[in-house]
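Visitor:
Protein chains: 2
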Amino acid sequence: MKRSERIVAMTHHFKENPRKLISLPYFVDSFQAAKSSVSEDIDIIDEMFQSLGIGRIETTAGASGGVRYIPDFNHNQSRQFIDRLIHVLEDSKRILPGGYVYMSDVLGDYNYIREIGKVFGAAFKDVDLDYIVTVATKGIPLAYAVAEVLNVPVVIIRRDPKVTEGSTVSINYVSGSSRKIQTMALAKRSIQEDSNVLLIDDFMKAGGTIKGMENLMQEFNATVKGIAVLAEAEDEDEERRVEDYVSLLKIQEVNERSGAIKVVTGNYFNS
Amino acid sequence: MKRSERIVAMTHHFKENPRKLISLPYFVDSFQAAKSSVSEDIDIIDEMFQSLGIGRIETTAGASGGVRYIPDFNHNQSRQFIDRLIHVLEDSKRILPGGYVYMSDVLGDYNYIREIGKVFGAAFKDVDLDYIVTVATKGIPLAYAVAEVLNVPVVIIRRDPKVTEGSTVSINYVSGSSRKIQTMALAKRSIQEDSNVLLIDDFMKAGGTIKGMENLMQEFNATVKGIAVLAEAEDEDEERRVEDYVSLLKIQEVNERSGAIKVVTGNYFNS
Numbered sequence: 001m002k003r004s005e006r007i008v009a010m011t012h013h014f015k016e017n018p019r020k021l022i023s024l025p026y027f028v029d030s031f032q033a034a035k036s037s038v039s040e041d042i043d044i045i046d047e048m049f050q051s052l053g054i055g056r057i058e059t060t061a062g063a064s065g066g067v068r069y070i071p072d073f074n075h076n077q078s079r080q081f082i083d084r085l086i087h088v089l090e091d092s093k094r095i096l097p098g099g100y101v102y103m104s105d106v107l108g109d110y111n112y113i114r115e116i117g118k119v120f121g122a123a124f125k126d127v128d129l130d131y132i133v134t135v136a137t138k139g140i141p142l143a144y145a146v147a148e149v150l151n152v153p154v155v156i157i158r159r160d161p162k163v164t165e166g167s168t169v170s171i172n173y174v175s176g177s178s179r180k181i182q183t184m185a186l187a188k189r190s191i192q193e194d195s196n197v198l199l200i201d202d203f204m205k206a207g208g209t210i211k212g213m214e215n216l217m218q219e220f221n222a223t224v225k226g227i228a229v230l231a232e233a234e235d236e237d238e239e240r241r242v243e244d245y246v247s248l249l250k251i252q253e254v255n256e257r258s259g260a261i262k263v264v265t266g267n268y269f270n271s
Numbered sequence: 001m002k003r004s005e006r007i008v009a010m011t012h013h014f015k016e017n018p019r020k021l022i023s024l025p026y027f028v029d030s031f032q033a034a035k036s037s038v039s040e041d042i043d044i045i046d047e048m049f050q051s052l053g054i055g056r057i058e059t060t061a062g063a064s065g066g067v068r069y070i071p072d073f074n075h076n077q078s079r080q081f082i083d084r085l086i087h088v089l090e091d092s093k094r095i096l097p098g099g100y101v102y103m104s105d106v107l108g109d110y111n112y113i114r115e116i117g118k119v120f121g122a123a124f125k126d127v128d129l130d131y132i133v134t135v136a137t138k139g140i141p142l143a144y145a146v147a148e149v150l151n152v153p154v155v156i157i158r159r160d161p162k163v164t165e166g167s168t169v170s171i172n173y174v175s176g177s178s179r180k181i182q183t184m185a186l187a188k189r190s191i192q193e194d195s196n197v198l199l200i201d202d203f204m205k206a207g208g209t210i211k212g213m214e215n216l217m218q219e220f221n222a223t224v225k226g227i228a229v230l231a232e233a234e235d236e237d238e239e240r241r242v243e244d245y246v247s248l249l250k251i252q253e254v255n256e257r258s259g260a261i262k263v264v265t266g267n268y269f270n271s
């Protein structure tokens with residue numbers, strides 16, 4: 001097999017298996033190539049991935065060693081993508097009764113979701129995680145997109161326990177905006193004790209839902225290592241109950257009467 | 001830039017943009033390479049993608065022409081993956097009260113979800129689709145995984161309409177197994193009139209939920225072009241209400257007392 005052919009196959013393999021350790025003999029056997037050729041191939045791919053700003057190939061020496069693709073997404077690319085997203089969202093047609101912003105089309109489009117996953121993946125790339133935890137419904141695609149980059153399983157908290165989940169742990173929490181008491185439930189066997197988790201959701205206002213997720217995680221003795229929200233909005237009525245989080249967007253103004261809508265970058269881009 | 005470097009960048013680009021038309025001048029300009037070199041690169045990638053069984057690069061001639069990566073997943077690979085999945089599922093520890101099978105860990109693992117997306121993507125690759133429609137909660141990751149392969153947006157039907165969706169159309173339907181009347185709602189602006197849709201869900205027993213989705217699609221004048229379910233189970237009490245569907249798995253027996261669980265391949269593998 002020629003170098004160019006091996007490079008197609010290896011680039012494909014790395015992109016399908018982010019963060020997974022691949023032994024050099026695996027490639028050597030697959031391609032019937034010399035170890036030195038495979039090493040050179042990997043150097044080329046590593047350099048190109050770095051120059052494309054999409055991560056790097058990490059090499060671990062020794063008997064249990066190998067290579068691993070660590071995806072990344074440089075800050076410039078992240079910022080450009082979020083600026084494009086802001087442009088899409090700042091459309092008065094998106095304003096819904098109650099001052100909400102219609103985002104379901106954006107959240108339904110994998111071309112956006114994939115990029116959001118990359119941005120959050122880069123934001124939390126150095127955090128040691130066992131699970132990514134979200135709550136049904138709209139956080140789910142975001143959770144999977146980040147999970148794909150970080151190679152970590154997703155756990156979905158539900159509003160309604162289902163028979164197909166087995167025994168569940170449930171808590172009540174006060175929704176920030178409506179002040180209503182709501183329930184969250186999570187299957188008992190979905191998280192192992194003493195795990196490290198990343199919480200993710202599409203939207204945060206007063207932070208009641210995230211606070212509820214934090215409380216539920218305590219029931220599982222899990223440590224919340226990070227909180228990711230796609231969009232945050234200011235809540236005039238009360239103080240935010242969540243302090244330490246990463247947001248990509250901030251909805252600053254939604255005026256139903258004038259049709260004005262102002263979206264800016266979230267705190268991930270402050271510095 | 002050398003051929004091997006261009007090939008890394010192009011393989012990456014194709015894999016990030018399935019089914020999207022890319023003009024040759026885009027590559028020529030990006031790499032400052034001759035058109036003939038870029039064409040040769042594409043031929044190498046095309047041949048290698050085909051020999052890996054992951055699809056092909058389609059070339060369209062003419063002024064509005066270009067190249068497009070059409071992902072595929074050959075039947076052998078699909079079958080091998082499903083056999084592995086069956087092995088994971090046939091574990092008596094997965095049996096839940098009521099004869100259900102715990103699958104949330106599988107559905108939470110992107111390494112499985114990605115492959116399921118490829119299998120369904122191959123099953124429906126020649127169907128002209130505008131949307132992939134699922135119903136909260138567990139069908140969601142499957143829908144996105146297929147959407148990634150087919151480059152089609154996802155639309156999520158909810159059990160509970162939310163303020164962040166705007167006006168919704170809702171219907172009542174009878175859940176097959178519990179005989180309870182339930183509600184499904186979908187945001188009015190989420191589907192355009194006269195669209196072609198693929199319905200997808202994780203599990204089908206009597207087919208009540210899928211039937212409900214079909215009815216809701218009628219309200220949007222949408223045409224159901226296909227139905228995909230990951231796992232089907234036989235319902236002894238009543239006839240299935242859905243006829244034409246593709247399933248990857250069939251749960252044949254779940255015996256709570258003996259702990260016996262038998263899973264076989266679904267109808268996609270009949271023939």
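Heads up: the protein sequence lines correspond to chains A and B, in order.
No gaps in the numbering here: position 18 of the first sequence is 18 in UniProt numbering, and each next residue is one more.
No gaps in the numbering here: position 150 of the second sequence is 150 in UniProt numbering, and each next residue is one more.
For every residue, glycine included, the Cβ atom is placed at its ideal position computed from N, Cα and C.
For clarity, every value in this text was computed on a predicted model and none was experimentally measured.
Does the distance from the C-beta atom of residue 143 (chain A) to that of residue 200 (chain A) stay below 8 Å?
Guide: Within the first sequence, numbered from 1, the residue matching residue 143 (chain A) stands at position 143. Within the first sequence, numbered from 1, the residue matching residue 200 (chain A) stands at position 200. Contact: yes.
Visitor: Opposite residue 233 (chain A) in the DSSP bridges: which residues?
Guide: Here residue 233 (chain A) is taken as the residue at index 233 of the first sequence, counted from 1. Its beta-bridge partners are A:251.
Visitor: With a floor of 4 residues, list each alpha helix (DSSP H) that falls wholly inside the UniProt domain "Bacterial purine repressor N-terminal" (2-71) of chain A, ordered by position along the chain.
Guide: List check, alpha helix (DSSP H) in window: 3-16, 24-31 and 35-52.
Visitor: Should residue 202 (chain A) go down as buried or exposed, given a rule of 16 or more other Cβ atoms within 10 Å for buried?
Guide: Stepping through the first sequence from its first residue, residue 202 (chain A) is reached at position 202. With 16 or more other Cβ atoms within 10 Å, it is buried.
Visitor: Step through the CB atoms of chain A and report whether any lies within less than 8 Å of the CB of residue 265 (chain B).
Guide: Taking the second sequence and counting its residues from 1, the one referred to as residue 265 (chain B) is at position 265. For residue 265 (chain B), the answer is no, since every Cβ of chain A falls outside 8 Å of its Cβ.
Visitor: Just by C-beta distance, which residues in the segment 105-121 of chain A are closer than 9 Å to chain B?
Guide: Those residues of the segment 105-121 of chain A that come within reach of chain B (Cβ to Cβ, closer than 9 Å) are 105, 107, 108, 109, 110, 111, 113 and 114.
Visitor: List the residues of chain A that residue 148 (chain B) touches, going by C-beta distances under 7 Å, in chain order.
Guide: Position 148 of the second sequence, counted from the start, is the residue given in the question as residue 148 (chain B). Those within 7 Å of residue 148 (chain B) in chain A are 110.
Visitor: Where does residue 83 (chain B) fall in DSSP's three states?
Guide: By 1-based counting over the second sequence, the position of residue 83 (chain B) is 83. In this structure, residue 83 (chain B) counts as helix in the three-state DSSP scheme.
Visitor: Over the uninterrupted alpha helix (DSSP H) stretch that includes residue 105 (chain B), give me the two end residues.
Guide: For this step, residue 105 (chain B) is matched to residue 105 along the second sequence. From DSSP, the alpha helix (DSSP H) with residue 105 (chain B) extends over 104-107.
Visitor: Between A:62, A:197, A:45 and A:2, which has its C-alpha nearest residue 130 (chain A)'s C-alpha?
Guide: To locate residue 130 (chain A), count along the first sequence from 1; it is residue 130. Looking at the Cα atoms, A:197 is the closest of the given residues.
Visitor: When the Cα of residue 25 (chain B) is compared with those of B:170, B:36, B:19 and B:18, which residue comes out closest?
Guide: Position 25 of the second sequence holds residue 25 (chain B). Of B:170, B:36, B:19 and B:18, the residue nearest in Cα terms is B:36.
Visitor: Please go through the UniProt domain "Phosphoribosyltransferase" (130-254) of chain B and give each complete beta strand (DSSP E) segment of 3 or more residues, from N-terminal end onward.
Guide: With a minimum length of 3 residues, the continuous beta strand (DSSP E) runs that stay inside the UniProt domain "Phosphoribosyltransferase" (130-254) of chain B are 131-135, 154-157, 168-174, 181-187, 196-204 and 223-233.
Visitor: Using a beta-carbon distance cut-off of less than 7 Å, what residues from the segment 230-259 of chain B approach chain A?
Guide: Correct list: empty, as no residue qualifies.
Visitor: When the Cα atoms are used, what is the spatial distance from residue 70 (chain B) to residue 77 (chain A)?
Guide: The sequence position of residue 70 (chain B) within the second sequence is 70, counting from 1. The sequence position of residue 77 (chain A) within the first sequence is 77, counting from 1. Taking the straight line joining both Cα atoms gives about 26 Å.
Visitor: Closer than 7 Å by C-beta to residue 11 (chain A): which residues in its own chain qualify, once you throw out the five before and the five after it? Chain order, please.
Guide: One-based indexing of the first sequence puts residue 11 (chain A) at position 11. The residues are 45.
Visitor: Between residue 261 (chain A) and chain B, is the shortest Cβ-Cβ distance under 8 Å, so that the two count as touching?
Guide: The sequence position of residue 261 (chain A) within the first sequence is 261, counting from 1. So, not an interface residue.
Visitor: What residue range does the alpha helix (DSSP H) around residue 262 (chain A) cover?
Guide: Here residue 262 (chain A) refers to the residue found at position 262 of the first sequence. No alpha helix (DSSP H) holds residue 262 (chain A); the beta strand (DSSP E) holding it covers 260-265.
Visitor: What do you get for residue 106 (chain A), buried or exposed, if any count of 16 or more other CB atoms within 10 angstroms of its CB means buried?
Guide: On the first sequence, position 106 is the one that residue 106 (chain A) refers to. Per the 10 Å Cβ criterion, buried.
Visitor: Kindly confirm or deny that the segment 157-165 of chain B and the segment 107-120 of chain A touch, where touching means at least three C-beta pairs closer than 8 Å.
Guide: No: the two stretches stay apart, fewer than three of their Cβ pairs being nearer than 8 Å.
Visitor: Taking only the alpha-carbon atoms, compute the straight-line gap between residue 54 (chain A) and residue 6 (chain B) and give it to the nearest angstrom.
Guide: Locating residue 54 (chain A) in the first sequence gives position 54, where the first residue counts as 1. Locating residue 6 (chain B) in the second sequence gives position 6, where the first residue counts as 1. Roughly 15 Å between the two C-alpha positions.
Visitor: Note down, in chain order, each residue of its chain lying with its Cβ closer than 7 Å to the Cβ of residue 277 (chain A), except the 5 sequence neighbours on either side.
Guide: Look at the range of chain A in this structure, 1 to 271, and you will see that residue 277 (chain A) is not part of it.
Visitor: Cutting at 6 Å between CB atoms, please list the residues of its own chain near residue 158 (chain B), excluding the five before and the five after it.
Guide: In the second sequence, counting from the first residue as 1, residue 158 (chain B) sits at position 158. Taken in chain order, the residues that qualify are 136 and 185.
Visitor: Grab the span of the alpha helix (DSSP H) containing residue 118 (chain B) for me, first residue to last.
Guide: Here residue 118 (chain B) corresponds to residue number 118 of the second sequence, with the count starting at 1. From DSSP, the alpha helix (DSSP H) with residue 118 (chain B) extends over 110-123.
Visitor: For residue 101 (chain B) versus residue 251 (chain B), is the C-beta spacing smaller than 8 Å?
Guide: Here the question's residue 101 (chain B) lines up with position 101 in the second sequence. Here the question's residue 251 (chain B) lines up with position 251 in the second sequence. Yes, the Cβ-Cβ distance between residue 101 (chain B) and residue 251 (chain B) is below 8 Å.
Visitor: Excluding the five sequence neighbours on either side, which residues of its own chain have a C-beta within less than 6 Å of the C-beta of residue 22 (chain B), listed in chain order?
Guide: Counting from one through the second sequence, the residue named residue 22 (chain B) turns up at place 22. Excluding positions up to five away in sequence, the list reads 66 and 67.
Visitor: Please report the Cβ distance between residue 263 (chain B) and residue 86 (chain B), rounded to the nearest whole angstrom; I am assuming they are in contact, meaning their Cβ atoms lie under 8 Å.
Guide: As a position in the second sequence, residue 263 (chain B) is number 263, starting the count at 1. As a position in the second sequence, residue 86 (chain B) is number 86, starting the count at 1. Correct: roughly 5 Å between the Cβ atoms.
Visitor: I'd like to know if residue 3 (chain B) contacts chain A, where contact means its C-beta is closer than 8 Å to some C-beta of that chain.
Guide: Here residue 3 (chain B) is taken as the residue at index 3 of the second sequence, counted from 1. By this cut-off, residue 3 (chain B) is an interface position.
Visitor: Confirm the yes/no value for this check: CB of residue 235 (chain A), any heavy atom of the ligand SAM, distance under 7 Å.
Guide: Inclusion of the ligand SAM in the displayed structure is not the case, the ligand content being empty and no account of it being possible.
Visitor: For residue 88 (chain B), which three-state DSSP category applies?
Guide: Mapped onto the second sequence, residue 88 (chain B) falls at position 88. It is helical.
Visitor: Taking a Cβ distance cut-off of 8 Å, strictly less, list which residues of the segment 34-68 of chain A are near chain B, in chain order.
Guide: Answer set for the segment 34-68 of chain A: 41, 44, 45, 47, 48, 49, 52 and 54.
Visitor: With which residues is residue 101 (chain A) paired in a DSSP beta bridge?
Guide: Your numbering for residue 101 (chain A) matches position 101 in the first sequence. A:95.
Visitor: Counting only beta-carbon separations shorter than 8 Å, does residue 98 (chain A) have a partner in chain B?
Guide: Here residue 98 (chain A) is taken as the residue at index 98 of the first sequence, counted from 1. Answer yes: the Cβ-Cβ gap between residue 98 (chain A) and chain B drops below 8 Å somewhere.
Visitor: Going by C-alpha distance, which of B:123, B:213 and B:166 is nearest residue 182 (chain B)?
Guide: Position 182 of the second sequence, counting from 1, holds the residue named residue 182 (chain B). Of B:123, B:213 and B:166, the residue nearest in Cα terms is B:213.
Visitor: So, at 8 Å on beta carbons, what are the nonlocal neighbours of residue 249 (chain B) in its own chain, with the 5 sequence-adjacent residues on each side left out?
Guide: Within the second sequence, the letter at position 249 stands for residue 249 (chain B). The residues are 82, 85, 86, 89, 230, 231, 232, 263, 264, 265 and 266.
Visitor: Can you list, in chain order, the residues of its chain whose CB lies under 6 Å from that of residue 235 (chain B), leaving out five sequence neighbours each side?
Guide: Counted from its first residue, the second sequence places residue 235 (chain B) at position 235. For residue 235 (chain B), where only same-chain residues beyond five positions count, the Cβ hits under 6 Å are 205 and 206.
Visitor: For chain A, check one thing: does any of its Cβ atoms lie closer than 8 Å to the Cβ of residue 165 (chain B)?
Guide: By one-based count along the second sequence, residue 165 (chain B) stands at place 165. So yes, residue 165 (chain B) belongs to the interface.
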